[in-house]
Amino acid sequence: MSGQHGHDHGEEPTDVAGILAHVSHYVPEQAPLHTFVHHNTLHAFEHLPFDRAVVEAAKLFGAEPYQSEAAFAAHLRSGRILSVDCDAVLADELDRDGSVQCLARQRRFDFRRTRLRHLFEVPRGPALQWQLHETGLFDRCHSSADAARLRLVAAWADRRGPGLPPALRLPNALRALWDRLAAAAPMVARPAALRGIRRRDQLVLAGSDDVDQSVHPLLIRLCAAFLDQGVALWHMPDRERGFLAAVRALYGLRAPAPDLWAASLAAEFRRQQEAGEDAEATILRALDDLGVAPDRRCAFVRDTLMSLGGWAGMMRQFETRPDRAPVQPLPARLADHLAVQLTLDAAAARQALRDRCGPQATWADLESAVPAAAEERDLELAFEAFVMAQVADVDLEALDDPAGLAAWLDEVRAFGELERRRCLHLAYERRLRLIVLDGLANHAAAPPPPPPAPTFQAVFCIDDRECSTRRHLEESHVAVQTFGFAGFFGVAMAWQGLGEVRPRPLCPVVVTPKHYVTERALRADEEQRWLEMRRRRGLRSAVVGRASREAAAGSLVAAVTGLAAAVPMVLRCLFPRLAERLSRGLKERNQREPVTRLVLERVGDERTADGLGVGYSVAEMADVVENCLRTIGLVTGLCEIVLVVGHGSSSLNNPHGSAYDCGATGGGRGGPNARAFAAMANHPKVRELLAGRGIRIPDTTWFVGSYHNTCDDSMTWYDEDLMPDARAAALEAAKRAMADACTLEAHERCRRFVSAPRTDDAVRALRHVQARAVDLGQPRPECGHATNAYAIVGRRERTRGLFLDRRAFLVSYDPAADPDGAILGKVLGAVVPVGAGINLEYYFSYVDPKNYGCGTKLPHNITGLIGVMDGHASDLRTGLPWQMVEIHEPVRLLAVIEAEPETVAKVMARDATVAQLVQNQWIQAVVWSPSTGVMHEFVLGGFRPYRVDSCVLRTVGASPEFYGGQIDSLGCARTAASFGGGRRTGGRR
Amino acid sequence: MNVVFLQAFVATAVLLPLAAAGVLALAGWFGARLGERAISAVVGVTYATTTFVAAAAAVLGFFDGRPIVVDFGEWFAVGHYAFRWTLLGDALSLPFSVFAAALVGLIGAFSQRYLHREAGFFRFHLMLALFGAGVQVVVLAGGVDQLFFGWEVVGLTSALLIAFFHERPKPVEHGLRAFVTYRLCDIGLIGAAVWLHHAVGTAAFVRLDGAPWAGVHVPDAGSAWIAGLLLLWASMGKSAQAPLGGWLPRAFEGPTPSSAIFYGAISIHLGPYLLLRSAPLLDANPGFAALVAVVGGVTALHGAFVGRVQTDIKCVLAYASMTQVGLILVGIGCGLRHLAVLHIVGHALLRSLEILRSPSLLQDYRHLEQAIGRQVPRPKLALERFFPASLRPWLYRHALERGYFDAILRDHVVGRFLRGFRALDRLDRKFTSWLGGAPATETRR
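Protein chains in written order, with the numbering used here: chain A, 2 to 990; chain B, 594 to 1038.
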């Protein structure tokens, strides 16, 4: 936390409840890992425009707002950003004052343009001194100046030192220029870092030991012990009474405490206990003890909590969402946490103060011991101005004049690093936006022939990973129609599968389920036998697993079964796929999972203990089915088979596994939702009701629920035994088509894995992804959402046959059937926050893996079944691991909505969440009019028509022709195979 | 079987890993940019071959019946002292050699995938290869002098891999902590070598009649006590025995596979290995044997208690390792040498697999819970239940603070030295400012 001075606003609260309410927005909002739900890392800043929010948050958290300038420079070199992008962004930004003459001959626009073409590194501190004194900086012009400019500078130097030998003229002139710039540079305070307002910061500045080094290890241990969900065999005593009470009881004991810093702690905790203080009183007292003025309290508390923000955030999660606790909810309170942290801080800081300033010292003594910040000339700015004076087309004579010099420095400073990175980020986004908008427009401008009449239909999740699955399905089996709907399919339920311990919600996080759905085995005796067997096996492995941690039992286990561990050890290390098959084979040898039925239809008004309805009434089922079918526009022309495909992901060595599952089911697996939806749509009474509402589902139509595992590309099919025999052949054909699509999907995914085989053989690719899913040593089981960049809301006709590089959330929506925007409102209300949440979490974890993400996975250490630490005892790491985001392109979600601008405006007027995300530009919104075909980009204040940039759209046979052999992100192309043209399948199968 | 073949096998088991580490180190030194496949191939082929030759030597040597001795001759001599590098392949060393080489090879194969695209890929594999070579030097050493070199290599690679993520301060701190502990305890090993030369004239392992394998042998009881204590001290550091074991949970900062092979499998068991080589001292000296058992017993009890309250999987596994190594020491102290060997191998396999699997804890727990059909049950017969309820909070806090060993060492042992040095620093500054007439700038702590 730096730069807190002068940051206090008058409106910040001073009472404990107000402070806690205020600061609780800043602590990370990540749930325990088993229900990982993607969300905007900077959710607390959404009331600000994106570019202001990232900068404010960066200041507050010491984080990065954008990619580094070096990264952008690399993008410019690689052609990922073109110079026209920079020019267009600058023209946009400077449309009013771009032509301002900032110096003779130099327009502001030209200066900035030149600056973005010369992204040199500005050395800091000692590195700057070294460059000045050791590198011959004044001997020649800067290396990035072009030839014409070199001649101009040389001529200028000649004019300035006519009496000097030619070889000395340039060094002489450059040095004189540097001296003038250095003398004119404004004063700045250095060092800027570590000027926090916590006592710990002042103590460090005053030369004392870092008290956080004493307090944090203990606080981490206490938090972890309190929140533990089942790692420890012995739980913290009295934790049912709350964190503060438990810590007081434990550390108020009259036991010897060898830690010198903690000498006064026991007495303090006993005093609190005896006085019967509540957390709020303890907080106030500790703040007074630490000498914090009331107007500083809020910032002080925020910095204190953020020094171990992950743990504070987890306390708050347990406080606000006890239902999300993995095993056992606990009476956690952020206030308790703060009270404990401040008590420890106060004890440690007092001790350090005594050590530093004497036994009777006060905080005033400490403040006077802190060395004042030194003021010095901003030589970094002078350096930048110096180099730019050589490179940019500026009149060097004008810099002789002090006013000119000051103007030049101001101009250079006004386009400082942050501002440059902001512009480069916009240019980076612009390139991608152009690629996809041009692709869409060109694809729509020359409509391909319509595909043949479908033999089956398939409804997928809108997930970007299904974007390519759908394309491959359409390419390998042209007679199919696909749709995208949020992967819970409108079935917002609390689901409890056979043998599961507790129900879990399978619906978007913003929804609280009202229905409880479970399954029963067809034959009760089979269920009993199966459960019993599983139970015995489970108990056996629980006993062995626990025993290996204990002394006596452990040695028995080690000596008796230890040698047997050689078999899994060898197999897991060398042959992961075989190892998993053998272990699964052993488990399933005697016990097949029994055939089950959903308990879906509610009879009467049966409710669970939590007040959830058991199942759905027929009318409710009809609502669910109607809502989905109307939204995706599938109300007529239903085929014999309609697949409903939920998805999820299974992998090993992956604490963040739940982040790979379906976001629309709140980080769960969407198979049960698909199964329930199909059962609802097949229900005769539901169909009767729907017919009354104008949706006639033919008697020949059968809905089939299924589940797509996006990690190993396998499919699971539900309730096949319920299907009429007449549909069997059609289903077989659909299953074969899906199997082909999954195989090709595996092939396409493999192109992004460096360690995958480069092959045309799609079956080999499938085997490779199967191995990844079960490999203990694989930190990148699949790509997850790493490629997400767009959301396209509209008819599939607009995107079918367009290669979108599995980057798009594809949402089916028929604008023709929705004149007043009612359906669009519902769609955007779900898609925009969820899509933006996923996209922004990837953005922030990528641009700053240290502060916003959780860094590399390799040292991660699962703690308490709730989160990961880095190695031994660190803050709880939040955000996404680097391995998950490393191929991501950090851009804001580009949402292309096929609707009239007025309709979207109406939706925004009704939905404040969507409006805020669009207006503050947390997503890039583009509206695509279905009547005129014109696209409008949302810019500050309204919609602006988009002009197509390039009219070229490559056509290929099937997508493997386009992506084959490529490892990086790709642009758009038209795939003829999706319409029955070209080769049917690209990959050899 | 020709003895020369056996000798060649044993020599290869030491020289090949050394050569592989040397090749990698030279490649790194000259800036050759080896691909991940090439690096992994070097490690994999080396340790597969080493496993094979060591296994061949073990099997053939078993039928031959005599220990295999390889003599690389005299390397240097100072006065009365001469350093001969000899290797000893016998019933103790050859199984360990096979086992260690196989594990290094397996971890190498595992790490090819685990460390894929990590900036330190080369560094990790170089350290792994060097560690494997160090282990072979330790295991196949013909005496304490030779063993010492491998012992140091193991310690160094261990510390460097703890500090693998050196861009964060904590791993470096913890690597340093492990290194300091190792160095302090290495005094024991080098002291033992010196004492053996002084008392016996040689530090080579000799095989007594009826003993299953060769070992450190000292004829007179007093010297045996001294040599024994020094060797015990050396093995206490490497094997994280109480009260020096605070570095072990902190050592889990590196990538998971390195934690698995060092602290689950091999490095942690080198202490017991050294004590197995000291078997004659234990046999001749029941008091010393009892001391070994007591150190192990105290550690096991400490580890078992502290491990029960740990809430993160790596600490849990660290204390579980510590507990078992303590019990192995108890076994050695009680004379159950063959059981101890079995215990070491079984424990190493079990624990390293558990550590490799630790990132999958969430999935595993969920599956377990589903299989059982309710919350995973807590153990019924728990250690703490032997204590009255009023004592349990004390005990819990004691366990949560890891027996306060760290605090005592930091604030009351090391801290005393530091405070002393700071007092000297203040005196020094006073003196210089008196000399120079101007106040000297404060030395930053």
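Every residue gets a Cβ at the ideal spot worked out from N, C-alpha and C, and that includes glycine.
Every unbroken stretch of the alpha helix (DSSP H) spanning 4 or more residues and falling wholly within the region 333-420 of chain A is given here in chain order: 335-358, 364-370, 380-392, 403-415.
Scanning chain A for C-beta atoms nearer than 9 Å to the C-beta of B/LYS763 yields ASP871, GLY872, HIS873, ALA874, SER875, reported in chain order. In the three-state DSSP reduction, A/LEU43 falls in the coil class, being neither helix nor strand. Cβ-Cβ distances below 8 Å link A/ARG161 to ARG170, ASN173, ALA174, ALA177 in the same chain, with the five nearest sequence neighbours on each side left out; the list follows chain order. Residue contact with chain A for B/SER951: present (Cβ-Cβ distance below 8 Å to some residue of chain A). For the 8 Å CB-CB criterion, A/VAL869 and A/ARG878 form a contact.
Using a 10 angstroms sphere on the CB of A/ARG116, the tally of other CB atoms reaches 16 or more, which defines it as buried. Chain B places no beta carbon closer than 8 Å to that of A/ALA370, leaving this residue out of the contacts. A buried status is given to A/GLU520, since no fewer than 16 other beta-carbon atoms sit within 10 Å of its beta-carbon. Interface annotation, A/MET570: in contact with chain B, CB-CB separation under 8 Å. In this structure, A/PRO259 lies near B/TYR997, with their beta-carbon atoms less than 8 Å apart. Put simply, the region 635-648 of chain A touches the region 697-706 of chain A. At least three CB pairs are less than 8 Å apart.
Closer than 8 Å to the CB of B/ILE906 there is at least one CB belonging to chain A.
In this structure, B/ALA702 sits near A/CYS574, with a CB-CB distance shorter than 8 Å. Taking 7 Å as the Cβ-Cβ cut-off, the region 312-331 of chain A approaches chain B at VAL328, given in chain order.
The DSSP-derived three-state label of A/LEU601 is coil. For A/THR609, no beta strand (DSSP E) encloses it, and the DSSP letter there is neither H nor E. With respect to the C-alpha of A/LEU43, the residue from A/GLN884, A/LYS858, A/ARG948, A/PRO834 having the closest C-alpha is A/PRO834. Within the model, the alpha-carbon separation for A/MET494 versus A/LEU507 is close to 6 Å.
Each of A/GLY856, A/PHE804, A/GLU890 was checked against the Cα of A/ALA787, and the nearest Cα belongs to A/GLU890. If you draw a 10 Å sphere on the C-beta of B/ASN595, you find fewer than 16 other C-beta atoms in it, and that means exposed.
Residues of the region 984-1004 of chain B whose Cβ lies closer than 7 Å to any Cβ of chain A, in chain order: ARG985, PRO986, TRP987, TYR989, ARG990, LEU993, TYR997, ALA1000, ILE1001, ASP1004. Beyond the five residues adjoining it in sequence on each side, A/ARG955 comes within less than 6 Å, by CB distance, of ALA974 in the same chain, given in chain order. Secondary structure of A/ASN655 (DSSP, three-state): coil. Going by DSSP, A/ILE633 is part of the alpha helix (DSSP H) stretching over 619-633. Using a Cβ-Cβ cut-off of 8 Å, B/PHE845 counts as an interface residue toward chain A, since at least one Cβ of chain A sits closer than that to its own. A/ASP159 carries a helical assignment under DSSP once its states are collapsed to helix, strand and coil. Residue burial annotation: A/TRP929 is buried, with at least 16 other C-beta atoms found within 10 angstroms of its C-beta. In its chain, beyond the 5 residues on either side, VAL737, ALA796, VAL809, ALA820, LEU823, LEU824, ALA827 have a beta carbon closer than 8 Å to the beta carbon of B/ALA785. Judged by DSSP in its simplified three-state form, A/ILE898 adopts strand. DSSP places B/ILE854 outside any alpha helix (DSSP H), giving it a letter other than H or E. Against chain A, the CB of B/GLN968 has a partner CB under 8 Å away; the residue lies at that interface. Chain A places a beta carbon closer than 8 Å to that of B/HIS940, counting this residue as a contact. Using a Cβ distance threshold of 8 Å, A/PHE484 and A/SER813 count as a contacting pair.
In terms of Cα proximity to B/ALA631, the closest of B/GLY839, B/PHE714, B/ALA833, B/PHE845 is B/PHE714. For A/PRO187, the CB contacts under 6 Å within the same chain, skipping 5 residues up- and downstream, are ASP379 in chain order.
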